[in-house]
Every structure is written in structure tokens, then in C-alpha cells.
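Inspection log for the structure reproduced underneath, given as C-alpha cells.
Chains as they are written, first to last, in my numbering: chain A, 1 to 422; chain B, 423 to 846.
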């Protein structure tokens, strides 16, 4: 089977703009979690987030004309996607290619994002203040009150289309709005298309900007948000913290990457997904969906549990998700569970972009032979059994990591990556 | 040779009816699903017509325990999914559930008008949001409903689908892409059954506002039944519709083993980005050309083998011209043996559901050997010269059908369906 290499990465998140920068911060015990700065959260009982510093994320876009056509989340996706393409050297490769059109047609774009966004609808608020809830007035004054391009500025697949326009890439694509598990699904789509020979290279992108009042209000109402810190698997954990940003991976067949002398960050071995069918927000206590997603990923990768040297847990710090995740890991790995770590204490939860970012960090950990500790872990929750988590860094032996991802709708996904590209 | 993937169940909720049979009958009879908007007061809008689904409360098919989480588009999806599963005569059981996947194209979920009015009253009396006013808890049920993944969550929960689940959104191409995604899940062996399709309910004040702002809609308010006229030289925009289309997909060997007859084979999928402009289709049809070419190659067919195209045909001046250019570029002389129609003349544009509903029409066309009509095409645009079906359906043995769906921003999807039992 065709082996798939990661030959470029792009990152924008609260901890930094490159994988190395984020990795150094994480290893230094630094977290991006801070009181919200981009809007006034005074009086909010849960007011932490992992924000990207720029108040206007579209200012990160080099193409000034594109700024007005995109919203915050899209800008993160486009910035990360372009960075991955640049790192992989694909623009130069295209310009040197015998047929640039064939190159573009055989380059795929797979994007994941959370979709629906509250902020987008706020463009109607001034009109509503004027129309006072009267529909006829809302309809008749519409054209004077809301930007004509509103719908196209807010399309969930905007990052996908703008990345296409900015790179010229025109191959197969998808835009997955499968909440947090979409990031792994996007990488899985890329791997499947590359293995099948449908495309020669693919960018997998994920982007989110969920730190907005009504989103935070909803998460807080559900009891999903932490007050002071994200403490994965800790007895005192009280929830998660939302993060924002964009992450992208440039993927191509390992042989092709080797042939053109590209530097490789690692290899994607396989992925798997499963659903729990238990409503919008609930998870099953036994971690059934995760167990089957891990099983599918191992089988897709041709790996056994003993091949896994490091597990990067979803570890979002909520009571139910962490406990069921521990149950799933116990069922798959039994007493021989490799070191487990989690990164959301430092990154926050970037929803669809979380697992792709954590994948890049897992590769850093494997390269360095060290599993970073969970800096906020004080006392492991007995309900999480003897899960091998630690506050301190631990040495790693092996080259393969398992990354876990869980989203609303009981959607679970798992991804296996390896450093050794020999 | 890989096992063919069959469509063994269909479910439709469209402006022409609730269910496959009433919709298909009305479509072939040339009926129009486009009327003055009745579900809300559209009197102030420049456009006051739409293609509404004739269901007051769309959520009646949702299981009682889940109903409070269901909005209109979730309700459509549930109706169509229940019909498709019933029609296929198979449903997930405790043992088979992990081998059932779902691929759903769903609409852009945002606050609906009433919720936005409530938000404005509570937190933005002067038109600017004051976050401090939102610091108290909200209604968790409403928050669930507002998640873009909610339709997928409700389908999976109600019908017990526990394999890989995916929701996709590429605007008007969503439904086609979801079905293509389901095809790939089956071919890769990830699942034995897929419930795939699309659902949307943008015929709301906010949805209508979005398209009115773009100037994309026909404002022929006085002649609703004639307002959507794809490929006609007098066309002046599309008509916004709503609805859902779902299908059950499975391998031919599985279907044969349980004695389930197919509507058609889902033979290929292809998609491509135009990578041109966010607002406009490429005038030469770039993007659609590659999508159709990929779908045909995926199905092992040449353009000369295609009998029927269900065009994206939105009835906007630019889309229809660009699509015709694409068809001419790809089919060349083989254009002459085609039959082309756009069913949007009768059902309007169902946005994220359009590709799924129209793929279902292709399956029915192959089964019944009939190409649906172009009900409103009276003065073909010389710039859109194609062998169009007339105002009446055309009966002819059909082996291969192509369903096109092209989204805003340049995301294009094509599906190829083949008469069941026909050889590639």
C-alpha cells in the first residue's frame, strides 16, 4: 500500500505560529489559556479561552482583497493552508512542472470546520434594532442594512474555496462539518485519495473560531467549561476551554516526497471513525465509539496495539468524556497501555483543528523521544483507573503515536502516525 | 472488479410532496412546487415566492424523545431517512449498527429569525451585541438545535447508525458530495450500508435575506410557477426551495443476498474546485468540466455513454451558461445523444439538499426509463444550446445518468448513476 508522508505544516493558534514555537511553549509548561481579550467577558463565570492575539484575523491574510470576503475562522484556515503549501514547496514545484494545470487538478483540498457560527448572524442586529422584530420592515430595509455579500462571507466552505482560489489547486475536495472529529476525517480523506492514486498531493486543513459570546454561553450552560484550568484525567477536572486557530498538513506519497528530496515530518499510517448514536452532546460511559474508532485505525494502518508508543488523548477535561476515554483505552490496551498524554491544558480545544494540531505535536514528541507531561495534573481521577498519565515528561521508546478525537453527535476518530520515514 | 454499489432505498421530502411517489408523479406531470411564501410574512422582501415543502410541522417524523432538538431541516432529513430505510427493507440492528455509516449534506446552520430577534431583544437593543447581557445560562435545547452537526446526531440516534458519521457542507453541492462520500465509504470497506443524502431549510427570513442580498433570486412574484426557468433566455434567477433527499447505499452482493432490488447503481463520483472567484462560476465551465470528467472516469464510462443529465441548471444567467459551456467542452459531438433537463424549474433550488434530491430523480429516471421535463423552457437561450427535454417527460431507455451540483465559491460535484444490471 502507498505510504503517505507529511511534507509540510501550517499552524496558527494561541501558542504560536509554527509547530516548533508551539512545541517549545508546551514543553516549557506554558499555556495559551487566558482571560478573553477580544470581547468584554466581565461578569462571565467562565471567561478563559485560548485566543489568537490578532483582534482582526483577516489582517493575517497577505491578499488584501480577500480580507473583506472572509470571516475570522476562514482566515485561520487559509493562513494555515498556505503555510503548509509553502513548507511543502508545492508552488515552486507547480511552477516548475511540465503541465501546471495537471498539477493543480491532481492536488486535493480537504477542510474541516465546526460550521455554523453565531457571530455571522450578528450582521442583522442593527436591522433588527430598527425593524423591532417586524418582518415587513426587516424585508424592506434589508438591502440598506446588511452587506450584499453577507452569505458568501459566511459560507462554511469559504476557507476551502479561497484556498483553491489563492493556490490555483482544483482537485477533489471536501468540507467536513463534523464538529471536532472532522479534522481526523479530513486527513483520512486525503490519505484515501492518495492511496487510491486519485491525486498526487493533498492539503488537509482544519480551522475554528468558536470564542464568541453565544457559543461560550452554550458550552457553559452544558457544564463543559473549566473555571481556572483544563485538567485532563484529574480528579478535580471541571471542563474544557475553547481555543481558536487553523492547522494544515501537506500530504503526499512517501516515494514521491523522497524522489523530490522533500523533508518529511512523519508518516500517516491510518485512521478510523465511529459513532455512538446517543444524541447531540452525550457520550457512552464505556467509550464504545472510541474503542471501535481505534480498532478501525489500527486495522487501517496494519498495526497492533503494542506498536503504539504514545497516545495523545482527546483529554478535554470534562467529567464524562475523560472517564469514558480512559475506559476505552483500558479496553483496547489493557495493562500494556503506552504513555498517555493530552495537550488541551495548554492549547485549549480547537474543535476540528485540535487533533491535527495535536498530531503535529505528537510527531515532535516522537522525534524528541519524550512525552510531555500534563502540567495541570495533580491527582489522577480514580475513575480513570491506572491510565498512564503523568505531570512530568517521560521518555518514549518507539516511533508510532495514536491521536484521539471526539466530537458532538458522538463522533469519534483515531489517527496513527509514525516518525520513521525510512 | 470491485462489487458495484447499489441504491436500494429512496426517501424524498420536496416542494412537490412528502414521499418519493407523490414527488415523482408530480414532477413527471409537470406540476410546480413554487408558490407565494406562506410560512412567514415575506411581504417586505423583494422576493416573495419560494418552493415550500407542504408540511406545517416538519418534525412529526422525529422520535418523540428527540423532537425538541429538531429544527425544520432535521425534520425533513428524518422523514426522508425513514422512508429510505423502509423502502430498502433494512435497518440497523444491535449487531449491524457499527457497519452502518451516514454521510449528510446539511445546510448552513445559524440562528433562526426568532432566535435572532430574541438575542437582539436580550443583548443588542441598540443593534450592537453587549456580551455582558449573555453571561447567564441559555436554553441548552436551543443550543443543541443550533449545532451544525445536530441533523447528523439526530439521524444517527433515531435510526441507530453507529459506524463512521460525517456531515459535509459545500453549499449547493453538499447533497451530491455527501452521496459521493457515502460511495467511497462503501468502496473502502468501512461500512456495509450507508444512509446518504442532503437536507436544507433555508426558506426562512434569514435564508431568504441572504439570497436577496446577493440578488440571486428571481423576483417574478406574480408568476411563481414560471419564475424558475433554467436555460430559458428570459431566466432571471433561481427560486429558493427546501427539502431533503436520502438514499440507502449498499454493495450489490449484500443487496442480492437479501433479495433487495436496486433503483440503480451509484457508479461514480467526482468533484473539483473552480478556483476562480468566490462569486461567479468560470465562464468556460472550469471546475464542472473536471467534476463530470472525474465522475465518468470513476464509473468507467465515456461521455459518449451518457444518456441523461440532470443539470445543476439553477436558472441564473451565469450558472446555466457556464454549465452549458462545460457540457459542450466535455461531450463534444456526443452532446447530440444526450437528454438534458433541470428539475429546478419545478422544485426550485434546495441548496444543500439539491444534489441528493436530483440524484434520486436520476435513479428514478433510470428505473422508469423516462427523463423528467423542463417544465418552463419555452425560449431556449441560444447561448445554452443543448438537447433539452421538452415540457413533457421523454420516455427512452436510459443506461447512464449524470447529476450535477455546483456550489457557491466553486465547489463542484457530479455523480454517475447506471441502470442496475447494465455492464460498465
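In this text, a Cβ means the ideal position worked out from N, Cα and C, and glycines have one as well.
*asked:* To be precise: take each residue of the stretch 547 to 565 of chain B, compare its Cβ to all Cβ atoms of chain A, and keep it if any distance is under 7 angstroms. Which residues remain?
replied: So the list reads 547, 548, 549, 550, 551, 553, 554, 556, 557, 559, 560, 562 and 565, given in the order they occur along the chain.
*Starting from residue 39(A), trace the alpha helix (DSSP H) both ways and give me its first and last residue.*
Reading the first chain from its first residue, position 39 is the one you call residue 39(A). Here residue 39(A) belongs to no alpha helix (DSSP H), and DSSP marks it neither H nor E.
*Excluding the five sequence neighbours on either side, which residues of its own chain have a C-beta within less than 7 angstroms of the C-beta of residue 397(A), listed in chain order?*
If you number the first chain from 1, residue 397(A) lands on position 397. Counting only Cβ-Cβ distances below 7 angstroms, and skipping sequence neighbours, we find 309.
*By Cβ distance below 6 angstroms, which residues in the same chain neighbour residue 729(B) in space, the five residues on each side in sequence not counted?*
On the second chain, position 307 is the one that residue 729(B) refers to. Counting only Cβ-Cβ distances below 6 angstroms, and skipping sequence neighbours, we find 820, 821 and 822.
*asked:* One question on the structure: do residue 772(B) and residue 654(B) come within less than 8 angstroms of each other, judged by their Cβ atoms?
replied: Numbered from 1 along the second chain, position 350 holds the residue referred to as residue 772(B). Numbered from 1 along the second chain, position 232 holds the residue referred to as residue 654(B). Going by C-beta atoms, residue 772(B) is not nearer than 8 angstroms to residue 654(B).
*Residue nearest to residue 731(B) in terms of C-alpha spacing, selected from 760(B), 739(B) and 466(B)*: On the second chain, residue 731(B) is found 309 positions in, with the first residue counted as 1. Per the Cα distances, 760(B).
*asked:* Taking its Cβ as the centre, do 16 or more other Cβ atoms sit within 10 Å of residue 835(B), making it buried, or is it exposed?
replied: Numbered from its first residue, the second chain carries residue 835(B) at position 413. The Cβ neighbour count for residue 835(B), taken over all protein chains shown within 10 Å, is at least 16; the residue is labelled buried.
*Counting only runs that start and end within the stretch 343 to 390 of chain A, where is the alpha helix (DSSP H) found for 4 or more residues in a row?*
The qualifying runs are 344 to 347 and 354 to 368.
*So residue 156(A) and residue 177(A) are in contact, right, with Cβ under 8 angstroms, and what is the actual spacing, rounded?*
Locating residue 156(A) in the first chain gives position 156, counting from the first residue. Locating residue 177(A) in the first chain gives position 177, counting from the first residue. Indeed, because the Cβ distance is near 6 angstroms, the residues count as touching under 8 angstroms.
*Just mark residue 580(B) as buried or exposed, buried being the case when its beta carbon has 16 or more other beta carbons within 10 Å.*
For the purposes of this step, residue 580(B) is taken as residue 158 along the second chain, with counting starting at 1. Sixteen is the threshold: when 16 or more other Cβ atoms of the shown chains lie within 10 Å of the Cβ of residue 580(B), as they do, the residue is buried.
*Cα separation between residue 505(B) and residue 441(B)?*
Taking the second chain and counting its residues from 1, one reaches residue 505(B) at position 83. Taking the second chain and counting its residues from 1, one reaches residue 441(B) at position 19. Straight-line measurement puts the Cα of residue 441(B) at about 7 angstroms from the Cα of residue 505(B).
*Looking at residue 160(A) and residue 109(A), is the spacing between their C-beta atoms short of 8 angstroms?*
Position 109 of the first chain holds residue 109(A). Position 160 of the first chain holds residue 160(A). Cβ distance < 8 angstroms, so residue 109(A) and residue 160(A) count as in contact.
_Runs of alpha helix (DSSP H) lying entirely within the stretch 743 to 811 of chain B, each at least 4 residues, in chain order_ = Fully contained in the stretch 743 to 811 of chain B are the following alpha helix (DSSP H) runs of length 4 or more, in chain order: 766 to 769 and 776 to 790.
_My parser needs the beta strand (DSSP E) runs of 3 or more residues fully inside the stretch 197 to 279 of chain A; what are they?_
If one requires a minimum length of 3 residues, the beta strand (DSSP E) runs lying completely within the stretch 197 to 279 of chain A are 201 to 208, 245 to 253 and 266 to 275, in chain order.
*Determine the DSSP secondary structure at residue 110(A), reduced to helix, strand or coil.*
Position 110 of the first chain holds residue 110(A). Of the three classes helix, strand and coil, the one that applies to residue 110(A) here is strand, per DSSP.
*Rounded to whole angstroms, what's the CA-CA distance from residue 849(B) to residue 4(A)? Just pull it up for me.*
Shown here, chain B extends from 423 to 846; a query on residue 849(B) therefore has no answer.
*In terms of alpha-carbon separation, which member of 691(B), 554(B), 536(B) and 562(B) lies closest to residue 128(A)?*
One-based indexing of the first chain puts residue 128(A) at position 128. Just measuring C-alpha positions, the residue of 691(B), 554(B), 536(B) and 562(B) sitting nearest residue 128(A) is 536(B).
*asked:* According to DSSP, simplified to helix, strand and coil, what is residue 428(B)?
replied: To locate residue 428(B), count along the second chain from 1; it is residue 6. DSSP, reduced to helix, strand and coil, places residue 428(B) within a strand of the structure shown.
_Sheet register partners of residue 527(B) (DSSP bridge)_ = As a position in the second chain, residue 527(B) is number 105, starting the count at 1. Answer is 590(B) and 620(B), bridged to residue 527(B).
*Compare the C-alpha of residue 147(A) against each of 637(B), 573(B) and 588(B) and name the closest.*
Counting from 1 along the first chain, the entry for residue 147(A) is found at position 147. Cα-wise, what sits closest to residue 147(A) is 637(B).
*residue 165(A) CB to nearest chain B CB: under 8 angstroms?*
Indexing the first chain from 1 puts residue 165(A) at position 165. It does; some Cβ of chain B falls within 8 angstroms.
*Answer yes or no: does any C-beta atom of chain B fall closer than 8 angstroms to that of residue 31(A)?*
As a first step, residue 31(A) must be located in the first chain, where it is residue number 31. Using a Cβ-Cβ cut-off of 8 angstroms, residue 31(A) does not count as an interface residue toward chain B, since no Cβ of chain B sits closer than that to its own.
*Residue from 315(A), 244(A) and 297(A) whose Cα sits closest to the Cα of residue 611(B)*: Residue numbering aside, residue 611(B) sits at position 189 when the second chain is read from its first letter. Selected option, being the one with the closest Cα: 297(A).
*asked:* 8 angstroms is my cut-off, CB to CB: does residue 128(A) come that close to chain B?
replied: As a position in the first chain, residue 128(A) is number 128, starting the count at 1. So, interface residue.
*Hey, quick one: how far does the beta strand (DSSP E) through residue 692(B) stretch, first residue to last?*
Within the second chain, residue 692(B) is the residue found at index 270, counting from 1. Annotation: the continuous beta strand (DSSP E) that includes residue 692(B) extends over 686 to 695.
*asked:* Against chain A, with Cβ distances strictly below 8 angstroms, would residue 530(B) count as a contact?
replied: Taking the first residue of the second chain as position 1, residue 530(B) is located at position 108. Interface annotation, residue 530(B): in contact with chain A, CB-CB separation under 8 angstroms.
*At what residue ranges does the stretch 505 to 549 of chain B contain a whole run of the beta strand (DSSP E), taking only runs of 3 or more?*
Counting only runs of 3 or more, we get 522 to 528.
*Identify which residue in 107(A), 313(A) and 351(A) has its Cα closest to the Cα of residue 215(A).*
Looking up residue 215(A) in the first chain gives position 215. Sorting 107(A), 313(A) and 351(A) by C-alpha distance to the C-alpha of residue 215(A) places 351(A) at the top.
*Using the rule of at least 16 other Cβ atoms within 10 Å of the residue's Cβ for burial, across every protein chain shown, is residue 601(B) buried or exposed?*
Position 179 of the second chain, counted from the first residue, corresponds to residue 601(B). With 16 or more other Cβ atoms within 10 Å, it is buried.
*State yes or no: is the C-beta of residue 545(B) within less than 8 angstroms of the C-beta of residue 556(B)?*
The residue labelled residue 545(B) in the question sits at position 123 within the second chain. The residue labelled residue 556(B) in the question sits at position 134 within the second chain. Yes, the pair counts as a contact, with Cβ atoms nearer than the cut-off.
*If we call anything under 8 angstroms between Cβ atoms a contact, is residue 199(A) one with residue 250(A)?*
As a working mapping, residue 199(A) is identified with position 199 in the first chain. As a working mapping, residue 250(A) is identified with position 250 in the first chain. Between residue 199(A) and residue 250(A), the C-beta spacing is not below 8 angstroms.
*Would DSSP call residue 436(B) helix, strand or coil?*
Here the question's residue 436(B) lines up with position 14 in the second chain. Reduced to three states, the DSSP call for residue 436(B) is strand.
*Measure the Cβ-Cβ separation of residue 491(B) and residue 572(B) and say whether it is below 8 angstroms.*
Locating residue 491(B) in the second chain gives position 69, where the first residue counts as 1. Locating residue 572(B) in the second chain gives position 150, where the first residue counts as 1. Here residue 491(B) is near residue 572(B), since their CB atoms are less than 8 angstroms apart.
*Looking only at its own chain, which residues have a Cβ that is under 8 angstroms from the Cβ of residue 63(A), when we skip the five neighbours before and after it?*
Counting from one through the first chain, the residue named residue 63(A) turns up at place 63. Around residue 63(A): 166.
*Close Cβ partners of residue 831(B) (< 7 angstroms) along its chain, the five nearest in sequence each way excluded*: Along the second chain, one-based indexing puts residue 831(B) at 409. Cβ neighbours of residue 831(B) within its own chain (closer than 7 angstroms, five residues either side excluded): 593 and 700.
_Buried/exposed call for residue 447(B), threshold 16 Cβ in 10 Å_ = Position 25 of the second chain holds residue 447(B). Label assigned to residue 447(B): exposed.
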